[in-house]
Every structure is written in structure tokens, then in C-alpha cells.
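**Q** This structure is in C-alpha cells; I'll ask about it shortly.
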């Protein structure tokens, strides 16, 4: 018997006692069968995908169990949980099935942001359906239907309730900041983003859930849901990668190593390694491209998507003919090391 | 006798007892004459556009009045106001005249964000003159001239005063989050934005005051002051709509239903329904466009602004000739429903 | 003997008693020799570039000294410092040498944001090396290595620790908001930005450290490290200026007076005065440009960088040929005054 994932933490419930979000500081992927079976007795877990509410004595018993199993960090976690006044929970996922509820969704988003699994490898069916829309405020998450009253009461009391976001996804950094990264403006990285070690995300960078970068990378552009970028690649300021959730594109896009997508450029196909897109050029999948062979003599006219995923290409719009051209890339980029020492 | 608007709420005054902002949780447009005349006696309102400061006994009397008139929500509002320690006020606007002061400006901005009136239908003359510049902080709004001292005192006391924005306009979400919307990063939506039901505004979306969308819409681009977008339209990531406040454009821009403005594209003319602008193309009003008739044989060269507001157009830059072309749009977009169930 | 800079304020130390940031409300450039020599005795300063920790009696003595010297604001500053429970410090820089540590770096970034020195005039060697990466939170700056535990403890206690940014640079506005500016979203302006009087930075604007604008300006685009923009220039929404830290450009870019860089445009060369770049055009240094002489008859083909810094140029991509053209600019812009009265 094997298990897919485990998480334990603290969550917030609505006034009707329904989970509206949950926080798992130490999620585990593929937990050992012995660990789950030891836990099962304490929490009455009987298999399948379950969310279990925890009380203080159970947290205490879990702490003892972890100490016995030499899982020191998790033991410390349960020690803190034992003393908490908040709603505590455990989620055990036997299999990676379609999402049944909020807590399962949050656990899977944590798995991505904890770098335990890469984008596009999780079953996220029903994600938008199970996640409630939340007002993320200086008083924590609140259902939008309860916001107006709360705002007036705060005001009447001389305080302004700061509403940071109204969204189904929280920002990643309030749940986990993985090691050795920088995120200049955390409002732009959703929980469920995968941000690899050595990555610097500047103010104009954005990463959706189920998307990310291998690291190290310099990210000043937008990484749409489903898009993954390999290491040593630079996304210039304001550049766009086409996603599949809205707007008509249906092919998942990926970007290889040592690529440069110039500022304000855009990408509707995948790139292999060592590719460059000139600043300001939006390369859609349907664009006709003049493909200039390495001998610089013969030229083929092809659709951009036929070049998808190939290495060593440079795309530009010829500044005198207006033609989109593809050449052999002779100067692949190197990242500026000093910008990626994020320790 | 008729009245234009009514609002009551809580405001903040500078150390010199001048209003610097105000919050109206339940503004009313075209309040009934009987309601205003009942109120008039309690607050000594004598017609015209007035701002009246309220004390606790008056709030109590207003609560009773609202109960009698069966206005339960407003009665509850005055009950909370009665107990508040803050500066309370009422603004009655008999007519939609040029703005006289801060509180009138805030009431009109509330009318827009409460969806009580659409953009471009209010008299906003003198708006920039009457609104003071404010530092919006974790301790509430502060005049910039008082900020330096406050920052030092907080620091000396072990606290960092968080300064979120220094602007004449606050962010909408601290005043009102209208129903059934998502706003991923609330810092980018000003009070005075009109955000229709079913709208999702992603992290790269922006809406200025006196601008907005009908809803449902997917907004990942920028909606400048004065611009209005009808329903079922998708503004791609980083796209731009030209405004009239700066930069030289003088025609108000609108966008019809079922349009797609591609990522990083831009718009200097209005669009009718079912129009598409290719990702990355900035269509200025003065651009010469090759208008390709539906038979695909005859082509006219026209200025883009002559196509302003027409339906079923597709604009692109030909990837092999660099010409901006306009064709008949054969695949108008449909929004992804699941992204717009924001309840 | 002369001195380069002086600052005194409050800083935060890690659990290992190392400075992780510091705040200097009243930095001084080129302090007088008599002032420094009077101070030297009180703080045992012996020349060179030094950071000195201050206690309450020393702050008291410094207050007295400043009163005697008729430096009233600084006297008030030391009076507040005397009563503070926090770590207090003074940095004296005899010369503008490469940075030795965090506190020197913060003092130099303050000099820029206090408008005491312009970008590109400071020795910032070793800046990225001396600055630690910090999680900027609602509980103040925290080392990323200490964040996970702190987040769990807050959560267990019913509070969500808001993590605004994880970066080597803090946002400017938490340290200093210089006079007569607006910054719609302060998260996008780093400490070390130079923001001149009369400047309005809209939500899409961005200014890196060691970069800035003379003022008045309308800034809705991105100003990369090293870039400086003179007065009365408008950077349109989402426009890009190429920096030198990453992405391959090596020439510092500057922009003259009365320029307009259109929305979503980009700049890889410097501009003189009265220049315009059409919305959506990215002008890289290597682009071939058809330079149309004023008589409109003769045309030269030149590389864009050969036009760097010249006045009165208009750049556009011909909408019918796709050629990048440069013409004589006949309508230089004027800013909308009403948008720049930021008092």
C-alpha cells in the first residue's frame, strides 16, 4: 500500500464551520506506509483521501510518535500545534484524485510551492469549483459576503481593514517562501507556483499556480498557468507567456535553458535551449516565420508552431522589412551570477 | 424636487480638522424626496450640495427614522454609527454639480464603485483639485507632510509604518468590494472604478477611477480613466487602452462585447462587438490599416480611427509584410465560464 | 579634511546581532568638518568609514550638541532616539568608497531617495554582496531562514504574518517619501530610487535603485537601474527602459526633457529632448532605422544607437511597410499640469 501525500497544519473556517483555507508548513509527498499506518491509529484514518480535524491531545500524541520515529521537525510542528487555539487539521491523500474540497486543494498547491512536485504532474480537476473566493485582509481571510459589515465595524472603531486581494488563490509567500529566492512583490506569485532555487522575481514578474521555474532564473515577465521554464533563462520585463486557461491558446508552453525572452516580448510556442526572442516581438503560434538557414542563403517560410521546442533559435522582426525571422542563435545568454545569490 | 445622491459614513480629518477622505458603506443614487425631507429636519439640511457632520444622538434619530421607513440595512448602519468614536458625516447632493470638496468627491467615487452609475456619466470637474494627496498606511491615511515624523516615532517604538500608496485616490477594495468579482491584486484598482458582476481581474489588470467593465470579463490589462468595456470581453495580460488624461489621446475609448485584446497589445480606437486585436499589436488611431474586404480580394487603405466602433473586425500585423491589416473576425471569443464564477 | 556623508537612525539586527537594515530619517551629504569633529568626541569616531552603535546618554549628548549648533531638526531626531528601545546607530563616511557592509549600503540608498545625490554618482561596488536577502513582513524585516518558524507561530496564535516582499532592497516609501510626489503602488519603487518633485508614478510605474526622474514627470513605465529621466517627460503604461544589470545591454540609458515613450514601447538607446517613441515600438540599439531627413526626401539607413541622445526625433514603425522610421518630431508633449500638483 502506498500513499500520495500528507499534510498537517492550521486552517480557517467560515462562520458556518466550513474550511475556507488551510496552511501546511511541512507537507510530505509519498509518505512512508509505516508512517501513515502509525498515524492512522491516532487519528482514526481508514484509507482514501481524508481531512481530519485535530485536537490538542491528538497533536500531543503525534508529537510523541514523531519523536519516536526521529522526525524532529515534524515533532516540533505538532508541539506548536498542541498549544494552538486555532482549527487544526490533517489531510491524507491515498491517491492523486480529482479534488473533493478546499483542504485537498490547498495541500496540492503547497506540494507545488514546497518544490515537492513539478507543475502539470498533479490532478487538479475541480480546482476552481472547490476553492471559495476569499477576501485576503489584514484580519486574515474573510468570505466576501461577510466583508461589508466587517469593514464598517473596523471603521467605526478607528481602523481601516486592509483588503489585499479578493481571489480564489492566496499569495504564496504567506504560506511558504522556499529557500534561496527573491520575490520583489509577493502579491504577484500565487500559492501553487513552483519557484526553483536561485530565482529572482522582479516587480514585474508573475507566476500563476501550477506554473514555475527550475532556478536559477531572472523573472521579470509573466508565467501563465501550466508554463514551466528551465534553468538559467531570463524573462525580460513585461514579457508574456501564453497560457491555456483563457484567450484561446490550447498548447502548454515550456521554455528551455539559457533562453532570453526580451522585455515586452511574448511567446505562443515552446522554446528549446539557447533561444532568444527579441525585445518587443510577440511570437504567436500561427505567425509565419522566415526561417533563415545557417548558411544564410536559403530561407523557408514556416508557421511558428513548427519550430516549437527546437534549440538555438533567435527570433526577431526585421526592422527594415517587418518580417518575422528566425536565425541561428549565436550568443545565448548567461545570467549575472551576483543577482542570483539569494541566501 | 428631486435629489441626486446621498451618503452617510465615517471620515478622517487632518490635524487641522479638514476632511481628508470619507467612507460611505451604503450610498444611494436618486434618493426619494420623502426620505431626504424626513432626514432634513434631523440634520438641518436646507438644500443644495452639503456635507453635514453627525453626532451620536443624530445617528440614533436617523436609525429610528430608517426603521420607521423600513430601510433595515440603513437603520443598522446608523446603529453602528451611533456607537462610533470616529468623525461621522452625511453628504446630500441635490444636483450633480462640479465638485466642491473632498467629501463630495468621495461620494461620487463610491457611486461608481457601488455600480450605481456608469463611468462618464458624472460631473467630476475639479476632482484633482479637491482631492488631497494622501499617504495610505498601516495606520490609516496620513497627510504626506506629517509622515516623516510619524515614521520616526513608529520606528523608535519598534514598529515599521507600512506605506502602501501615496496618491489622491485610495484603492477601491478598502471601501467596497462589489459582489461576485475577483481582484488578484487590489492595489491596482482605484476607488471610482466600476467592476461589473462576474469579472475577474488578474494581477496585471488595472482599472482607473471613472472607468470599468460591465462584467463578466477577464481583465489582465489596463483600463485607463474614461474607458468602458462591455461584457464577455477578454483583455489579455499587459494590454493597454489609451486614456485621455495624459499622453495625447483625446477620444474616449470603449470596447464592445466578445472582444479579445491580445496580451501586450494596445488600443487607440474604440472597438465594437466581436473584435480581436492580435497579441503584441498596438493599434494607434493614426495607423494606416489595410482593410481587407470579406471577399479577400479588394483592399482599402484607411486610418485606424475610421474603423472605430465597428463590429466583427480582426486586427493583426502581417508577419511577412509588416503591414497592419484588418480582416473580418471569424472566431469571436467565449470566456471560460469556470473562471468567472466568483461567488 | 572633508567628509562624504553622515546618517543617524535606527536599525534592525538579526538574532546573531548583525545589522540587517537601517533607517536614516535625516541623512546629510558633505557634512561640515566642524559638525563631524564636534560629534567625533561624543561617539569616539576616529576617521574613515564607520558604523557606530549609540546608547541613550550619547543620543542625549548629541541632542544638546545639535541644539548648540542650531540644528533643530536633528536635535529633535536625537531626542526621539534617546527614548527609543531599539538599536540606534550612526554612520560616518569619510569617503565614497566601495561598500563594506549593510549600514553603509543603506545610507547610500537613503542619499539617493532623499535627493541628495543623483543616480550613477555613487560608488555602489559590492552592493549585492553586502545586502542580505530579507523577508519584509507585517512584523518587520526577518531573515528568510527564520521565517518558517515565525509563520507557524503566528498562525498557531490566530494571526497571518503578511510577507510583502523577499528581496535585498526594501521599498522606498517605508524609509522616505520625498516631497510633492505620488506613488500609486509603493511596492514598485525600491529604496535608492531618485524621485524628483512633481512626479506622479502610476500603478504600472517602476523605479529601481540608482535610477530615477528629475520631476515633474508622469511615470507609467519601468525605469531600470542606472536609467535617469529628465523633467517633463512621460513614460507611457508598461513601457520599458533597458537596464545594464541583466539581459545583455551595456550602455547606460538616459531620457531627455519633453519626451514621450508610448505605452508598451521600449528603449534600448538614450533619447535627447523632445523625442517621441510610438506606442508599442521597442527600439533596440541594434535596430536598423530609416532616418528621414527634414526635407522628407532623403533617407539614410542607420543603426539606432547612432541616434542615441539626439534631440527632436520621432520613432515609429511604418504601419504599411513594417520599417522602423525616424522623423523630425513636430509635436513634443506637454504634461497635464493638474496631474502633477502633488501637494
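Protein chains in written order, with my numbering: chain Z, 20 to 362; chain S, 20 to 362; chain U, 20 to 362.
Heads up, the beta-carbon is just placed ideally off N, CA and C, and yes, glycines get one too.
1) So, helix, strand or coil for residue 157 (chain S), using DSSP?
2) Closer than 7 Å by C-beta to residue 354 (chain U): which residues in its own chain qualify, once you throw out the five before and the five after it? Chain order, please.
3) Closer than 8 Å is the cut-off here; do at least three beta carbon pairs connect the stretch 256-276 of chain U with the stretch 240-247 of chain U?
4) Just by C-beta distance, which residues in the stretch 301-328 of chain U are closer than 9 Å to chain Z?
5) If you follow the alpha helix (DSSP H) that residue 13 (chain U) is part of, which residue opens it and which one closes it?
6) Look up residue 299 (chain U) in the DSSP assignment and give the residues it is bridged to.
7) Is the stretch 319-338 of chain S close to the stretch 88-95 of chain U, with three or more CB pairs under 8 Å?
8) So which of Z:308, Z:188, Z:169 has the shortest CA-CA distance to residue 181 (chain Z)?
9) Establish whether the CB of residue 201 (chain Z) and some CB of chain U are separated by less than 8 Å.
10) Which of the three DSSP states is assigned to residue 125 (chain Z) in this structure?
11) Closest Cβ-Cβ distance between residue 129 (chain U) and chain S: below 8 Å?
12) Under 8 Å, Cβ to Cβ, is there at least one residue of chain U near residue 211 (chain Z)?
13) What are the residues in the stretch 146-166 of chain U lying within 8 Å of chain Z by C-beta distance?
14) What whole-angstrom Cβ distance do residue 241 (chain S) and residue 223 (chain U) have, given they're in contact under 8 Å?
15) Let me know the secondary structure DSSP gives residue 356 (chain U) once reduced to three states.
16) For a cutoff of 8 Å on Cβ pairs, would you count residue 294 (chain Z) as touching chain U?
17) Run through the DSSP bridge pairs and tell me what residue 379 (chain U) is partnered with.
18) Please check if any C-beta of chain Z sits within less than 8 Å of the C-beta of residue 14 (chain U).
19) Beta carbon of residue 48 (chain U), beta carbon of residue 81 (chain U): below 8 Å?
20) Report the residue ranges of all beta strand (DSSP E) runs contained in full by the stretch 150-226 of chain Z; include only those spanning at least 3 residues, in chain order.
21) Kindly list, in the order they appear in chain U, the residues whose Cβ is closer than 7 Å to that of residue 220 (chain S).
22) Please name the residues in the stretch 336-359 of chain U whose beta-carbon is closer than 9 Å to at least one beta-carbon of chain S, in chain order.
23) Inspect the beta-carbon positions of residue 307 (chain S) and residue 292 (chain S) and report whether they are closer than 8 Å.
24) Taking just the CA atoms, how far does residue 337 (chain U) sit from residue 344 (chain U)?
25) Helix, strand or coil: which one does DSSP assign to residue 83 (chain U)?
26) Leaving out the 5 sequence neighbours to the left and right, which residues in its chain are closer than 7 Å to residue 207 (chain Z) when beta-carbon positions are compared?
27) What are the start and end residues of the beta strand (DSSP E) that includes residue 35 (chain U)?
28) For a test of the three-state rule: what should DSSP assign to residue 346 (chain S), helix, strand or coil?
29) What does residue 274 (chain U) pair with, by DSSP beta-bridge criteria?
30) Is it true that the stretch 144-153 of chain U meets the stretch 182-202 of chain U, where meeting means three or more beta-carbon pairs spaced less than 8 Å apart?
31) Give the interface partners of residue 16 (chain U) over in chain Z, defined as CB-CB distance under 7 Å, in chain order.
32) Roughly how many whole angstroms lie between the Cα atoms of residue 22 (chain S) and residue 216 (chain S)?
33) At 8 Å on the CB atoms, spell out the chain Z contacts of residue 119 (chain U), in chain order.
34) Can you tell me which residues form a DSSP beta bridge with residue 333 (chain Z)?
35) Does the stretch 99-117 of chain Z touch the stretch 196-204 of chain Z, meaning 3 or more C-beta pairs lie closer than 8 Å?
36) Figure out for me which residue from U:143, U:126, U:77 has the closest Cα to the Cα of residue 194 (chain U).
**A** So, from the data block:
1) coil
2) 235, 237, 251, 253
3) yes
4) Answer set for the stretch 301-328 of chain U: 301, 302, 303, 305, 306, 307, 308, 309, 320, 323.
5) Lying outside 20 to 362, the shown extent of chain U, residue 13 (chain U) is not represented and no answer is given.
6) The partner list for residue 299 (chain U) (beta bridge, DSSP) is empty, contrary to what the question assumes.
7) Counting Cβ pairs under 8 Å, fewer than three are found: no touch.
8) Z:169
9) yes
10) Helix at residue 125 (chain Z).
11) no
12) no
13) 147, 148, 152, 154, 157, 163, 166
14) 7 Å
15) helix
16) no
17) The shown model of chain U, from 20 to 362, leaves out residue 379 (chain U), and the question about it has no answer.
18) No answer is possible for residue 14 (chain U): the residues shown for chain U start at 20 and end at 362.
19) Residue 81 (chain U) is positioned such that its CB atom lies no closer than 8 Å to that of residue 48 (chain U).
20) 153-156, 159-161, 182-186, 212-214
21) Going along chain U, no residue has its Cβ under 7 Å from residue 220 (chain S), so there is no contact; the nearest lies around 12 Å.
22) 336, 337, 338, 339, 340, 341, 342, 350, 352, 354, 355, 357, 358
23) Cβ atoms of residue 307 (chain S) and residue 292 (chain S): not closer than 8 Å.
24) 7 Å
25) helix
26) In chain order, 224, 225 place their CB closer than 7 Å to the CB of residue 207 (chain Z), counting only its own chain and leaving out the 5 sequence neighbours on each side.
27) Segment: none, residue 35 (chain U) is in no beta strand (DSSP E) and carries neither H nor E.
28) strand
29) U:248, U:290
30) yes
31) The requested residue 16 (chain U) does not occur in the structure, where chain U is confined to residues 20 to 362.
32) 27 Å
33) Here the premise fails: no neighbours, minimum Cβ distance about 17 Å.
34) Z:295, Z:346
35) no
36) U:126
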